[in-house]
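Participant:
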Amino acid sequence: VQLQASGGGLAQAGGSLRLSCDASGIPFRIYRMGWYRQAPGKERELVASIVSSGGTDYADSVKGRFTVSRDNAKSTVYLQMNSLKPEDTAVYYCNVLTTPYSVAYWGQGTLVTVSS
Numbered sequence: 098v099q100l101q102a103s104g105g106g107l108a109q110a111g112g113s114l115r116l117s118c119d120a121s122g123i124p125f126r127i128y129r130m131g132w133y134r135q136a137p138g139k140e141r142e143l144v145a146s147i148v149s150s151g152g153t154d155y156a157d158s159v160k161g162r163f164t165v166s167r168d169n170a171k172s173t174v175y176l177q178m179n180s181l182k183p184e185d186t187a188v189y190y191c192n193v194l195t196t197p198y199s200v201a202y203w204g205q206g207t208l209v210t211v212s213s
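Under this note's numbering, the residues of the sequence shown are numbered 98 to 213, in order.
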């Protein structure tokens, strides 16, 4: 199983970044794909997720600024991050939840740094 995340880096406040995560080798059907983040000294939190039917969920702090999408054929999930703020600085982790056994898989994390 491999979840390969890319697209992190340095951005200025107000700028944009796009994260991608390619999932491969997963032995179960993918139900939900999404992104979590963990800032220094804080717990990991859900940023955004999307289920196989297309329904999405966002943290209140990113609503209206971030957009999650997925390509089911490629098992790829994206996170378009606009209007970035310094408080968005964190390591972002790709997450996949499968069915029917609810097995979850995590990517290695990609660092997003937003400067003021």
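Even glycine gets a Cβ: it sits at the ideal position worked out from N, Cα and C.
Being a predicted model, the structure only gives us computed values, none of them experimental.
1) Sorted by chain position, which residues of the same chain lie with C-beta nearer than 6 Å to residue 154's C-beta, five sequence neighbours on each side aside?
2) In the DSSP assignment, what residue or residues form a beta bridge with residue 179?
3) Let me know if residue 133 comes out buried or exposed under the rule of 16 or more other beta-carbons within 10 Å of its beta-carbon.
4) Could you give the distance in angstroms between the alpha-carbon of residue 210 and the alpha-carbon of residue 131?
5) Residue 185 by DSSP, collapsed to three states: which one?
6) Would the beta-carbon of residue 117 fall within 7 Å of that of residue 104?
Facilitator: This is what the structure gives:
1) 146
2) According to DSSP, which records beta bridges pairwise, residue 179 is partnered with nothing at all.
3) buried
4) 19 Å
5) helix
6) yes
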